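Have a look at the structure below, then the notes.
There are 2 protein chains.
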Amino acid sequence: MRPSRSRVSIKDVSRHAGVSVSTVSHVLNGTRYVSPELRARVEAAITALDYRHNGLARSLRTRRSYTIGLIIPDVSNPYYPQLARGVQDTADEAGYAVFLCNSDRRPEQEVRLVAALEQRQVDGIILDAAGPTPELLTALRRLRQPVVLVGSRIDEPDFDRVMMAPHGSYDAVRYLLSRGHRRVALIGGPPVFGSTRPTKAAGYLAALAEAGIEPDPALIMQGDYTREGGRLAMHRLLALSAPPTAVFAGNDLMALGALVAAREAGVRVPEDIAIVGYDDIPEASVAVPALTTVAVPKYEMGRVAAELLLARLRGEGSQQPQRIELPHRLVIRASA
Amino acid sequence: MRPSRSRVSIKDVSRHAGVSVSTVSHVLNGTRYVSPELRARVEAAITALDYRHNGLARSLRTRRSYTIGLIIPDVSNPYYPQLARGVQDTADEAGYAVFLCNSDRRPEQEVRLVAALEQRQVDGIILDAAGPTPELLTALRRLRQPVVLVGSRIDEPDFDRVMMAPHGSYDAVRYLLSRGHRRVALIGGPPVFGSTRPTKAAGYLAALAEAGIEPDPALIMQGDYTREGGRLAMHRLLALSAPPTAVFAGNDLMALGALVAAREAGVRVPEDIAIVGYDDIPEASVAVPALTTVAVPKYEMGRVAAELLLARLRGEGSQQPQRIELPHRLVIRASA
DNA sequence: CTGTTAGCGCCTTCAG
DNA sequence: CTGAAGGCGCTAACAG
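Protein sequences, first through last, are from chains A and B.
Heads up, the first sequence is in the working numbering, so the first residue is 10 and it goes up one at a time.
Heads up, the second sequence is in the working numbering, so the first residue is 10 and it goes up one at a time.
Written out as structure tokens, the structure reads:
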């Protein structure tokens, strides 16, 4: 009768077991009492026919896919795997699967990915965005599913968000100052379009100001968060007639690049120049000298973001967007 | 009439535009000619009603989810992000989204994840498995969707698979031998249950044999692919009455641990002892001394695996399972 | 305690 | 060139 042994559905199972489809559905989901006898027949039919539950159909019906989307700049950037793992572990424990997407920090890409995830009917999205571009914000706001923002580049009050405490760079520079450094350079990141958040440069400036030190523009470099960018910036710093005695880099990748530059220039770290990074990526502890850095709780951020999202999906928690700030920690190693 | 402004479907759009649902569907998918006039009306209705295409319903109907699953041991292990990126890029280009799952190299977990992905109706699965456990193999074979195996721990002829060339450890040890080393130690990985593939130990032994060197059991350590495991193994090696002059570690994480151990013991690398790793993870080039290692084309492996899977999904290619072997490359840096 | 039935939102013959 | 209609496989009222 059936064309071939194509796919077997709940209906085939019900027929085989001599029960109704709703009974099958209920034994599948444990969602109402079914007599041991019928249950046994259903289970027998299931294995006899080698039936598999179709989650798509179920999701279509229940409007819940038990699926979330995670958009990060790049999994192969050592910062993100831990964050990803944090959300995945949390999601997995709750029965959710996660679509992992890389945006390469390109706003159009982010917008595209958000749309693709929406179309796949994810229940929610966690996003580490490049910045608060109007297009992205619009795309996010018209979304029907909840969004949690991670990272510190967007701080819009109408979204749930988990961010790092803002004063990491301040702490780092203060530490350098406390060690007697007076000429402290900054290798910052590129400006984030439209961001209203205090930048790393702000913390740097604040620490200098507090110590009564006039910032020297020559010591302020703009990097791009890549290793190579850090290396180049460091070389320019080292070529100055009055080079700095300490450098604070906006992330570890750039700090590591700076380390390479120092070695290339025959300058000793930390004896001739101290270096502090930001993030505490795995490589930071392996480098020689091991990098002093502002440790960011990456795994924890992922976990908290996922928990926030799941709570929202469960309808728990306050209705207002939450803003969660996670503490950093200055990890003092050998480079400063 | 409709309860509320809940969800708008293709049917609402058709009504609003005064056309049939099939016309709407066809403008949505560009799947048959629609007169400019009707098309315009449909498009107007779409924006007017703020309609969003429901991918779940579509997939249910077409039996294609444009979704694949990727199961790896652990994203936060520096080996995997690049592999993951390779498959994600390839999938993304072809319009597929990828579910990323971590198995922590636990067979039961792998089996569980395979089932979860199947239920979510992924079109295919890419898996870097812990080993050929019978349960996993069974689960994989009863799957209705294609599977591609990556990594070298399973080499079953009835699956598509992309693996590394087998002689990496042989090359590494031969290199050490060519540099005059005679006492070369091995820090291997744990045995892979049921695997028939040549292990790294095999290559090590082969290279020694070829050089006419009797393997010394005291120089063969079993590690666990973790940094700490490498560190411990190295300490034991260093404590030997006749310690080795060179060490080959089965992966970079262990080699890095060995480096740490050497430093702790005040032994210089490579002057007192040479170290070669395997994988070429990002940290390998940052370490001091930079690690000489067998570079594995991780990104490429991911890409090739995804391409293989996509080809299968398109029904292209030979019907027989493919076995693709990717070459490694010995990267000589400072540690040996 | 179990069965019938109406969709979820979409694609795709089959007619016209 | 366009429309009508039948499911894809499942859940959840609603009856009984």
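From the three backbone atoms N, C-alpha and C, an ideal C-beta is built for every residue, glycine too.
All of these numbers come straight from a predicted model, not from anything done at the bench.
#1: Considering only DSSP beta bridges, list what PHE108(A) is partnered with.
#2: Closer than 7 Å by C-beta to VAL131(A): which residues in its own chain qualify, once you throw out the five before and the five after it? Chain order, please.
#3: Determine the DSSP secondary structure at ALA103(A), reduced to helix, strand or coil.
#4: In the structure shown, what three-state DSSP assignment does ALA248(B) receive?
#5: Along chain A, which residues have their Cβ under 8 Å away from the Cβ of LEU65(B)?
#6: Give a yes or no on whether the minimum CB-CB distance between LEU322(B) and chain A is below 9 Å.
#7: What residues in the segment 270-296 of chain B have a beta carbon less than 8 Å from any beta carbon of chain A?
#8: Reducing DSSP to helix, strand and coil, say where LEU152(A) ends up.
#9: Quick one: which unbroken beta strand (DSSP E) runs of 3-plus residues sit fully inside the segment 268-329 of chain A? Chain order, please.
#10: Mark ARG162(A) as exposed unless 16 or more other C-beta atoms lie within 10 angstroms of its C-beta, in which case mark it buried.
#11: At 4 residues or longer, what runs of the alpha helix (DSSP H) sit wholly inside the segment 29-68 of chain B?
#12: Assign ASP137(B) to one of three DSSP states: helix, strand, or coil.
#13: Quick check on DSSP: helix, strand or coil for GLN130(A)?
#14: Give a yes or no on whether the C-beta atoms belonging to LEU350(A) and GLU165(A) are separated by under 9 Å.
#15: What residues in the segment 92-105 of chain B have a beta carbon less than 8 Å from any beta carbon of chain A?
#16: Let me see if you follow: with CB-CB separation under 9 Å, is PRO45(B) close to chain A or not?
#17: Would you verify that the beta carbon of ASN260(A) is, or is not, closer than 9 Å to some beta carbon of chain B?
#18: Using a 10 Å radius around the Cβ and a threshold of 16 neighbouring Cβ atoms, would you call TYR42(B) buried or exposed?
#19: Looking at C-beta atoms only, is the number of pairs between the segment 326-336 of chain B and the segment 278-286 of chain B that lie closer than 8 Å three or more?
#20: Roughly how far, in whole angstroms, is the beta-carbon of ALA124(A) from the beta-carbon of ALA148(A), given that I think they are within contact range, below 8 Å?
#21: Given this structure, state the Cα-to-Cα distance separating GLY133(B) from ALA100(A), to the nearest angstrom.
#22: LEU318(A) and VAL84(A): beta carbons closer than 9 Å?
#23: Helix, strand or coil: how does DSSP classify ALA255(A) here?
#24: Once the 5 residues before and after GLU309(A) are set aside, which same chain residues still bring their CB inside 7 Å of it?
#25: At 8 Å on the CB atoms, spell out the chain A contacts of LEU265(B), in chain order.
#26: Run down chain B in chain order and give the residues with a C-beta less than 9 Å from the C-beta of VAL84(A).
#27: Which residues in chain B have a C-beta closer than 8 Å to the C-beta of ARG312(A)? List them in chain order.
#28: Does any heavy atom of the ligand GDP sit closer than 8 Å to the C-beta of GLN328(B)?
#29: Within this structure, are the beta carbons of SER178(A) and ALA216(A) separated by less than 9 Å?
#30: Could you spell out the range, first to last residue, of the beta strand (DSSP E) harbouring GLU334(B)?
#31: Please confirm whether GLY239(A) and LEU265(A) have their CB atoms less than 9 Å apart.
#32: Using a Cβ-Cβ cut-off of 9 Å, state whether ALA138(B) counts as contacting chain A.
#33: Given that a residue counts as buried once 16 or more other Cβ atoms are within 10 Å of its Cβ, and exposed if not, what is PRO45(A)?
#34: Which first and last residues belong to the beta strand (DSSP E) in which ARG170(B) is found?
#35: Helix, strand or coil for VAL17(A)? Go by DSSP, reduced to three states.
#36: Please report the distance separating the alpha-carbon of ARG115(B) from that of PRO82(A).
According to the structure data:
#1: Paired residues: GLY78(A), PHE108(B).
#2: SER74, THR76, ILE77, GLY78, PHE108, GLN154
#3: coil
#4: coil
#5: When 8 Å is used as the limit between beta carbons, LEU65(B) is near these residues of chain A: LEU65, SER68, LEU69, SER74, ARG129, GLN130, in chain order.
#6: no
#7: PRO291, GLU292, VAL295, ALA296
#8: coil
#9: 283-288, 301-304
#10: buried
#11: 30-38, 45-58
#12: coil
#13: coil
#14: Summary: the structure shown does not reach residue 350(A), with chain A confined to residues 10 through 345, and so no result is reported for it.
#15: ALA93, ARG94, GLN97, ASP98, ASP101
#16: For PRO45(B), the answer is no, since every Cβ of chain A falls outside 9 Å of its Cβ.
#17: no
#18: By the 10 Å Cβ count, TYR42(B) comes out exposed.
#19: With the cut-off at 8 Å, the segment 326-336 of chain B and the segment 278-286 of chain B do not touch.
#20: 7 Å
#21: 21 Å
#22: no
#23: strand
#24: GLY95, LEU335
#25: Those within 8 Å of LEU265(B) in chain A are VAL295.
#26: VAL84, TYR89, PRO90, GLN91, ALA93, ARG94, GLN97, LEU109
#27: Residues of chain B passing the Cβ test: none, with the nearest at roughly 13 Å.
#28: This structure lacks the ligand GDP; in fact it carries no ligand of any kind.
#29: In this structure, ALA216(A) lies closer than 9 Å to SER178(A) by Cβ.
#30: Unbroken beta strand (DSSP E) run through GLU334(B): 332-335.
#31: yes
#32: No - not a single Cβ of chain A is within 9 Å of the one on ALA138(B).
#33: exposed
#34: 169-173
#35: The answer is coil: DSSP assigns VAL17(A) none of H, G, I, E or B.
#36: 28 Å
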